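Asker: This is the structure I want to talk about, given as structure tokens.
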Amino acid sequence: MIIFNPTAGGAKKRRLNKTLQALQALGCSLVLRETQQRGDAERFAAEAALSAVDMVVAAGGDGTMNEVLNGLMQHPADQRLPLGIIPLGTANVLALEVGQRLTPADMARTLATGTPQTVHLALVQPAAGPARHVLLMASAGFDAHVVEHVRLGLKRRTGKLAYVFETLWQAVRYPFPRLQGYCDQQPFEAATVVVCNGRLYGGPFVAAPDGNLQSDELYLLALPRRGLLAVLGYAVSLASGSLSRRPEVTYRACHEVMLTAPVGAPVQADGDSIACLPVHITVAPETIALVYPGA
């Protein structure tokens, strides 16, 4: 089953169509489900376990993949279908994490012949609302504020540049309230907090050099500095792969992070806003089989 958003246009639509054609050429039988609104991808993925399919494929960005993941995770392990991906998003972080090339032929080959491998997940439990499983990362503070406010129309027209524009716009307006929380029961404060399940953030940029989707550890990045100059400095460090090595940044492995204040501040996971503080983030007890490219 392939779950996709039919509003994707231009190059993304062409890439999807070519991937579907390549899958059919490899002898794959396809069941297509078109989403119309937020939540459809999660519902379709949950329903897939009741149909005669052997894999659920998320065709879209990292947010779509998170929706599909959470639909699959509604079932017990012995009924949980593997997750495959056709990356069509802005950053495609999950594809970069697993080494997936973005040509239609390569994506089709992975789905037809790739190997499902067990990956660990994070679990975000807000004080109000359902828990959400997370593949890549969750964050609060300035980062989550930008994700919440980025304009969808601008994102569709300009891609990654929309986040650059929104980051600069918000950096001179955001009040940078102090986040408070606990990492494995040790208290900390920061202006921005990112909890990584993998290595990468925002594209090919290494935020947590020790992160590994197949490890049952999370990695905390707590960034204390505030304001435009701090944001620019952190962006340069992220781009150079040195963010976790900055002396003022707290970087550590962990299994549990509680973010308690300020109450009501947004939380994003896998590129979409999902909740508000306070939240409890842990290593999820359940895992998912994710289809990796072959050797």
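So for the sequence shown, my numbering puts the first residue at 52; every next one is plus one. Virtual Cβ for every residue (Gly too), placed ideally from N, Cα, C. Keep in mind that this is a model prediction, so the values were computed, not measured.
Per DSSP, what are the beta-bridge partners of THR311 in this structure?
Answerer: Mapped onto the sequence shown, residue 311 falls at position 260. None; THR311 has no bridge partner.
Asker: From LEU205, ALA103, TYR270, MET124, pick the residue whose C-alpha is nearest to that of ARG94; which is it?
Answerer: On the sequence shown, position 43 is the one that residue 94 refers to. Of the candidates LEU205, ALA103, TYR270, MET124, the one whose C-alpha sits nearest the C-alpha of ARG94 is MET124.
Asker: Is the CB-CB distance between LEU310 and LEU230 below 9 Å?
Answerer: Looking up residue 310 in the sequence shown gives position 259. Looking up residue 230 in the sequence shown gives position 179. A contact, by the Cβ cut-off of 9 Å.
Asker: Which residue or residues does DSSP assign as beta-bridge partners of PRO167?
Answerer: The sequence position of residue 167 within the sequence shown is 116, counting from 1. DSSP lists VAL342 as partners of PRO167.
Asker: Based on Cα-Cα distance, which residue from ASN121, ALA100, LEU153, PHE55 lies nearest to VAL108?
Answerer: The residue given as residue 108 occupies position 57 in the sequence shown. Among ASN121, ALA100, LEU153, PHE55, the Cα nearest to that of VAL108 is on PHE55.
Asker: Where does SER291 fall in DSSP's three states?
Answerer: Counting from 1 along the sequence shown, the entry for residue 291 is found at position 240. If DSSP states are grouped into helix, strand and coil, SER291 belongs with the helices.
Asker: For my contact list, LEU187 and ASP105 are in at a C-beta cut-off of 8 Å; report their separation, rounded to the angstrom.
Answerer: Along the sequence shown, read from residue 1 onward, the residue named residue 187 stands at position 136. Along the sequence shown, read from residue 1 onward, the residue named residue 105 stands at position 54. With a Cβ gap of about 25 Å, LEU187 and ASP105 do not count as contacting.
Asker: Measure the beta-carbon distance from GLN75 to LEU81 and round it to whole angstroms, keeping in mind my assumption that it falls under 8 Å.
Answerer: Locating residue 75 in the sequence shown gives position 24, where the first residue counts as 1. Locating residue 81 in the sequence shown gives position 30, where the first residue counts as 1. The pair is a contact, with the Cβ atoms about 7 Å apart (cut-off 8 Å).
Asker: Exposed or buried, what is ARG250 when buried is set at 16 or more other beta-carbons lying within 10 Å of its beta-carbon?
Answerer: Position 199 of the sequence shown, counting from 1, holds the residue named residue 250. Taking every protein chain shown into account, the CB of ARG250 has 16 or more other CB atoms within 10 angstroms, so this residue is buried.
Asker: With a threshold of 16 other CB atoms inside 10 Å of the CB of SER102, please say whether the residue is buried or exposed.
Answerer: Counted from its first residue, the sequence shown places residue 102 at position 51. Exposed is the call here.
Asker: Below 7 Å CB to CB, which residues in the same chain sit around THR141 once its five sequence neighbours on both sides are set aside?
Answerer: Taking the first residue of the sequence shown as 1, we reach residue 141 at position 90. Taken in chain order, the residues that qualify are GLY112, LYS206, GLY210, LYS211.
Asker: Can you find the residues in the same chain that come closer than 6 Å, C-beta to C-beta, to ASP323, ignoring five residues on each side of it along the sequence?
Answerer: By 1-based counting over the sequence shown, the position of residue 323 is 272. Closer than 6 Å at the Cβ level, and outside the excluded window around ASP323, lie GLY114.
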